[in-house]
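Quick note on this note's numbering: the first sequence kicks off at 459 and runs consecutively. A short write-up of the structure that comes next.
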Amino acid sequence: MRACDKKKGFKEKVLGVVSKIPKGRTKSYKKVALLAGNPGAYRAVGNILKRNRDKKIPCHRVIRSDGTVGGYNRGEKKKKEILKKEGAF
DNA sequence: CGTATGACGTGCA
DNA sequence: GTGCACGCCATAC
459 MRACDKKKGF KEKVLGVVSK IPKGRTKSYK KVALLAGNPG AYRAVGNILK RNRDKKIPCH
519 RVIRSDGTVG GYNRGEKKKK EILKKEGAF
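Next up, the structure:
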């Protein structure tokens, strides 16, 4: 069944997963990649988010497994502030 | 098509 | 505890 294909494209999958992140909750790139179906593509996750940085995608809720905010198009500081504001921190 | 990049993750000094 | 280097995958140009 190609129609039922889950191969929506890793990119779309990642964006979908990230957009599903509840408010006040953060997820690690690895977790996102895992939910996206490619636990070893966490590297591409960051790339996709950066190349897509969709306004409907709370990419600021995606942080590293170390607990560091990682990076953000608007500035890591801003990202951290948003997380703090949402209570994720 | 092939190359270069990247917002990671882990290990080691 | 901190910093550096390598490895991994997918995307974009």
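Even glycine gets a Cβ: it sits at the ideal position worked out from N, Cα and C. None of the values given here were measured: they were computed from a predicted structure.
- Under DSSP, S486 takes part in a beta bridge, and its partners are I521.
- Scanning R501, A499, P516, G495 for the CA closest to the CA of R532 turns up P516.
- Annotated as proximal: T484 and I521, with beta-carbon spacing under 8 Å.
- The alpha-carbon separation between Y500 and G545 amounts to approximately 25 Å.
- Excluding sequence positions up to five before and after Y530, its CB lies within less than 7 Å of the CB of H518, K536, K537, all in the same chain and listed in chain order.
- Within the same chain, Cβ atoms closer than 7 Å to the Cβ of D512 are found at L473, the five residues on either side in sequence being excluded.
- When the Cα atoms are used, A502 and K466 turn out to be separated by approximately 15 Å.
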